[in-house]
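Participant: Starting off with a structure, shown below.
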Amino acid sequence: MHALTLGTFIFFTSLVGLLTWLLTRRDRHDTLSGYFLGGRTLTSGYIAGSLLLTNLSTEQLVGLNGAAFSDGLCVMAWEVIAGMSLVVMALFFLPRYLKSGIATIPEFLELRFNHHTRVITSLIFIIAYTGILLPIVLYSGATGLNSILDIRTLFGFQNETAALWFTIWLIGILGSIYAIYGGLRTVAVSDTLNGFGLLVGGVLITWFAFQKISPEAPFQALPLLFSAHPEKFNSLGSPQSSVPFSTLFTGVLLLNLFYWCTNQQIIQRTFGASSLREGQQGVLLAGSLKVLAPIILVFPGIAAFHLYGNYRVDGKLEVIRDVITEPVALIGRTSGPGVQETVTLYGKIAGDLLQTTDETFGSLTSAELANFEGRHVMHGNTPLNVLKVLRQGDVVTQRGTELAVHRDAASSAALPLIGPRRRDVAYGTLVRGVLPPVLTGFLAAVIVGAILSSFNSALNSTATLFSLGVYQSMLHPDASETRVIKAGKIFGTIIAIISMTVAPLLAGQDSLFGYLQKMNGLYFIPIFSVVLIGITTRRVPAFAANIALLLGFLAIAGGYFVPALKAYVNGLHEFHFLGAVFASLIVLMLLLGYLSPLKNAWEQQASGDIDMTPWKLAWPLGLLLILLVLSVYIRFADLSVLGGG
């Protein structure tokens, strides 16, 4: 790695740490409000910056750009629709949260329902953050950083696994120090500083990628990309994409609304707002910037597809379907009764079916490899007809309706070649390929900041949920504030260690971003349904909410992991399944509320902690932001995909 890259990386990373310490060294971290809510002193700039960077982390930089590499502009739904969700947050949810003076979502649910609702929700959040969010943040961050800085070569690790473990634990320890010993204001300040760097770095990546594509006129790169790959610039996802258009109205919308309106990790910084006005300004500012997020989180993925996702044959580009990184692989078609499918098997599985070893296979000529084709083998109970036999370095492209194999093309290509199977390396490959060394180090520092932001924000939220929702409310109600904070720090340390241990086990997922959204549904949907009912109704009883929380979690888990139900969910689409579960939970709670309503209607009490005067421009700017989101979709809409064309 270039020494200048390493030097700038160390410099910018240290600079953010120093500035954060200078800005927060006099803060009080010995009170619950000071530690968990930043003393309720956060202004709009800190709120917007912290919201953005907590969200714009490596699962977006690496994962969403990877999704754009495969599916194109339609994946912008996860960013652009967030603008609408933040309008809902600013105008509807935030005033109700701040009125109650809460520190956590479970605390609000306790006020609306009962103590059991708070405990169930707190435990669901803690389990989900520990087992899903924190490990994914660490793993995706380590993957991106390894591909940019080449950690394996830099420190002399023998394999990628060792480099991955090292990077995950390094990031985890640094993030833990920020979150556990700094409190929410330290997290928010470091988020804001890193947020500025992320915006600058993200725009630079897009600019240099465009310059690589069109050296003489970088501004012409976007029209060039549109001309070369028009299918990548449709805001409406096809039924085969990761975000089909119809799912925008079910699972995608619901996951967005939960994430920006009820996700403890994200909205905790809004609870620390100095006033409702500052909170609304910060949330709407973040929403406005989210509409521009595709510049950073989608366009680089499409640029990477143009540079690394195509293989030139006789002057024509063919789309890469696979780049073989294993010693052996085979493409086969299922035979026998039922629908025939084409499958690809890799590594030892393929070698065993072909009855050959890696060493023997690597020495075979192209003619000898062809002798394997046409064989009939059994993959478990499924008969396969072998169509193509592949080895490391081979590239498979789409040629009309057929697949073409290019022997050893990956090793001889002028640029790296990436197939959809390795979409999550696209962003790191692009960074390393287009940035000069000094800016590569800067962007690596920014990515570390993004990793730390999401990790320490989620860890701080987990510690808050445990301290206030479990330790203080259940285990030691009479504990002093100092003791509660100490318990939160100890618990945060334990959770950090568990997350750092689980993170490396995620290696092998096809799409990090897709996996994250799928697993998020386990707890997003039941919690959001209960919060929505809690805010919009006054007589639905606590037992209805508690049943919905448990039943929703179990129903989604069953749909994901029980084989018989999983087949049904896959046929329906996972996001439609989440929408169906959400609607069912809403109907169930309303029905139980009708059959057994509260005797005394719930009335929300004002805490009086902060000034609740709303921002007078909140409504007009919110409506303007919604119109902006709709105009973006209309501008890039190609309705032909809805009919399968």
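Numbering (the working numbering), first residue to last: 28 to 672. Glycine included, C-beta positions come from ideal geometry on N, C-alpha and C.
1. DSSP three-state call for K643: helix, strand or coil?
2. Quick check: the segment 333 to 351 against the segment 411 to 425, are there 3 or more CB pairs under 8 Å?
3. With I574 as the anchor, note down where its alpha helix (DSSP H) starts and where it stops.
4. Leaving out five residues before and five after S658 in sequence, what residues of the same chain have Cβ atoms less than 7 Å from its Cβ?
5. In whole angstroms, give me the CA-to-CA distance for F260 and A95.
6. Quick one: does the C-beta of V557 sit closer than 8 Å to a heavy atom of the ligand NAD?
7. Could you check if V668 is buried or exposed, using at least 16 other CB atoms within 10 Å of its CB as the buried criterion?
8. Nearest to L197 by alpha carbon, out of Y166, P590, S174?
9. Which residues bound the beta strand (DSSP E) around K415?
10. Taking the continuous alpha helix (DSSP H) assigned at L479, which residues delimit it?
11. Could you compute how far the alpha carbon of F223 sits from the alpha carbon of Y73?
12. So what does DSSP say about T11, is it helix, strand or coil?
13. Counting pairs of Cβ atoms below 8 Å between the segment 176 to 185 and the segment 426 to 435, do you hit three or more?
14. Give a yes or no on whether the C-beta atoms belonging to N92 and V325 are separated by under 9 Å.
15. Among the residues of its own chain, which have a CB less than 6 Å from the CB of I323, if the five just before and after it don't count?
16. Which runs of the alpha helix (DSSP H) spanning at least 4 residues fall entirely within the segment 291 to 338, listed in chain order?
17. If you compare alpha carbons, which of L417, T277, Q499 is closest to S390?
18. Relative to the C-alpha of G519, which residue among L532, Y498, L644, P531 is closest?
19. Who pairs with D451 in a beta bridge, going by DSSP?
20. When DSSP labels each residue in this structure, what does Q544 get in the three-state scheme?
21. According to DSSP, is L430 part of a helix, a strand, or is it coil?
22. Given that a residue counts as buried once 16 or more other Cβ atoms are within 10 Å of its Cβ, and exposed if not, what is A75?
23. DSSP beta-bridge partners for M405?
24. Quick check: the Cα distance between G559 and E630, rounded to an integer number of angstroms?
25. In three-state terms, what does DSSP make of I661?
Facilitator: Well, looking at it:
1. As a working mapping, residue 643 is identified with position 616 in the sequence shown. Three-state result, K643: coil.
2. Short answer: they touch.
3. Stepping through the sequence shown from its first residue, residue 574 is reached at position 547. Start and end: 569 to 588.
4. Stepping through the sequence shown from its first residue, residue 658 is reached at position 631. Hits under 7 Å: none found.
5. For the purposes of this step, residue 260 is taken as residue 233 along the sequence shown, with counting starting at 1. For the purposes of this step, residue 95 is taken as residue 68 along the sequence shown, with counting starting at 1. Between F260 and A95, the alpha-carbon positions lie close to 10 Å from each other.
6. With respect to the ligand NAD, the structure offers nothing, as it holds no ligand at all.
7. As a first step, residue 668 is located in the sequence shown; it is residue number 641 there, counting from the start. So V668 ends up on the buried side.
8. Counting from 1 along the sequence shown, the entry for residue 197 is found at position 170. Closest in alpha carbon position to L197, among Y166, P590, S174, is Y166.
9. In the sequence shown, residue 415 corresponds to position 388, counting from 1. K415 -> beta strand (DSSP E) spans 409 to 418.
10. Reading the sequence shown from its first residue, position 452 is the one you call residue 479. That run of the alpha helix (DSSP H) goes 464 to 493.
11. Looking up residue 223 in the sequence shown gives position 196. Looking up residue 73 in the sequence shown gives position 46. Going from the Cα of F223 to the Cα of Y73 covers about 11 Å.
12. There is simply no residue 11 to check, as the chain begins at 28 and stops at 672 in what is shown.
13. Contact fails: fewer than three Cβ-Cβ distances are below 8 Å.
14. Start at 1 with the first residue of the sequence shown, and residue 92 comes out as number 65. Start at 1 with the first residue of the sequence shown, and residue 325 comes out as number 298. Yes.
15. Indexing the sequence shown from 1 puts residue 323 at position 296. Short of 6 Å from the beta carbon of I323, and not among the five residues preceding or following it, lie these beta carbons of its own chain, in chain order: G229.
16. With a minimum length of 4 residues, the continuous alpha helix (DSSP H) runs that stay inside the segment 291 to 338 are 291 to 298, 303 to 318, 321 to 324, 326 to 335.
17. Taking the first residue of the sequence shown as position 1, residue 390 is located at position 363. Measuring from the Cα of S390, the nearest candidate turns out to be L417.
18. Counted from its first residue, the sequence shown places residue 519 at position 492. Among L532, Y498, L644, P531, the Cα nearest to that of G519 belongs to Y498.
19. Working through the sequence shown from its first residue, we reach residue 451 at position 424. The beta-bridge partner set that DSSP reports for D451 is empty.
20. To locate residue 544, count along the sequence shown from 1; it is residue 517. In this structure, DSSP gives Q544 a helical state, which the three-state scheme calls helix.
21. Translated into the one-based positions of the sequence shown, residue 430 becomes position 403. Correct three-state label for L430: strand.
22. Translated into the one-based positions of the sequence shown, residue 75 becomes position 48. Classification for A75: buried.
23. Position 378 of the sequence shown, counted from the first residue, corresponds to residue 405. Answer by DSSP bridge pairing, in chain order: P410.
24. Position 532 of the sequence shown, counting from 1, holds the residue named residue 559. Position 603 of the sequence shown, counting from 1, holds the residue named residue 630. The amino acid at residue 559 is misidentified as Gly; the sequence shows Leu. In this structure, the straight-line span from the alpha carbon of L559 to that of E630 is close to 15 Å.
25. Numbered from its first residue, the sequence shown carries residue 661 at position 634. When DSSP states are grouped into helix, strand and coil, I661 belongs to the helix group.
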